[in-house]
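Everything in the sequence shown is counted per the numbering used here, starting at 201 for the first residue and increasing by one.
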Amino acid sequence: MAEDEQSGIEPRSFLTCVTEVARLLGVEDVPMEPKDRHARHLAHAVRKPLLEHTHLPETSFAPLMAAAVYDPDPSFCRWFVEPAVYAFGRRRVMAALVDYLRVGTDAERAGAVRAWYSAHVPLRADRSPAYAPGGVRDPALDESQDIKAAWLEASLRVFAEATDLRMRHRVLLDLPTSRAAYPLYLHELLESTLASAQIHPDPHIRRWATATDHKGV
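Put into structure tokens, the structure is as follows:
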């Protein structure tokens with residue numbers, strides 16, 4: 201289900217992003233009716249070429265990430281995230297999403313949360329020719345443990361700083377409820393988040409706090 205109304209993302213913003221991706225790929229934009237399906241139609245047109253390219257130019261990285269973040273449908277943002285992971289590496293894709301979460305607008309942060317799930321897509325050599333020459337991929341491209349920790353930290357800080365309830369709800373409920381999932385350096389921040397969540401008026405946030413508190417260290 202699309203989140204246009206909940207996230208504040210306007211369809212024409214997504215259209216602008218996907219149009220840029222299409223332009224870089226040389227995919228012709230064919231305007232269609234109804235206009236509110238134009239962006240999705242164009243996204244469908246670039247999906248196959250994105251996975252078939254053996255190489256994506258450096259100039260395509262930012263537009264791909266923007267299209268993933270601005271795609272209002274969490275079911276389809278993978279169309280942009282997956283080829284970016286194959287071509288540029290999981291580490292770089294995740295780092296870009298962390299940046300969106302840290303400094304983006306609320307709409308961009310919501311989009312980053314949606315795209316974060318797709319950034320964990322499993323990689324297969326037969327899925328994309330961009331996997332690696334000869335089927336051997338540099339492990340450094342996909343090393344992301346520290347980036348995942350940065351995501352946890354950014355999420356906790358957004359929860360503490362956000363004034364919009366929907367944003368606080370999004371970032372917190374996407375977080376693990378096991379303390380063991382958080383690096384030691386984040387435990388103090390986690391405890392302060394728990395303390396705030398335990399007395400929050402939103403029942404879903406309180407439920408997350410209760411589940412996390414009961415997991416123990």
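Using N, Cα and C, we set each Cβ at its ideal position, and we do this for glycine too.
When the Cα atoms are used, His-255 and His-369 turn out to be separated by approximately 38 Å.
Ala-312 has its alpha-carbon roughly 10 Å from the corresponding atom of Ser-318. Annotation: Glu-252 to Pro-329 spans about 6 Å, alpha carbon to alpha carbon.
Note that the C-beta distance between Asp-364 and Asp-306 is below 8 Å. In this chain, the alpha helix (DSSP H) harbouring Tyr-317 covers 306-318.
Distance from the Cα of Val-336 is smallest, within the candidate group Arg-324, Tyr-382, Pro-403, for Arg-324. Annotation: Leu-341 to Pro-333 spans about 14 Å, alpha carbon to alpha carbon.
For Leu-215, the enclosing alpha helix (DSSP H) covers residues 211-225. As for any beta strand (DSSP E) of minimum length 3 sitting wholly inside the stretch 231-286, there is none. Straight-line spacing of the CA atoms in Trp-279 and Tyr-286 works out to 12 Å. Between Ala-409 and the set Tyr-382, Arg-309, His-387, Thr-377, the nearest pair of CA atoms involves Thr-377. Rounded to whole angstroms, the gap between the alpha carbons of Tyr-270 and Ala-262 is 12 Å. In terms of Cβ geometry, Thr-393 and Phe-359 form a close pair [threshold 8 Å]. DSSP assignment within the stretch 352-405 yields the following whole alpha helix (DSSP H) runs of 4 residues or more, N-terminal first: 365-373, 387-398.
The beta carbon of Ala-349 lies closer than 6 Å to those of Pro-383 in the same chain, with the five residues before and after it left out. Excluding sequence positions up to five before and after Glu-308, its CB lies within less than 7 Å of the CB of Val-269, Tyr-300, all in the same chain and listed in chain order.
Sequence-distant partners of Glu-343 (beyond 5 residues in either direction) whose C-beta falls short of 7 Å from its own C-beta, in its chain, are Arg-291. The beta carbons of Ala-315 and Phe-276 sit no closer together than 8 Å. Taking C-beta atoms as the reference points, Ala-295 and Val-221 fail to come closer than 8 Å.
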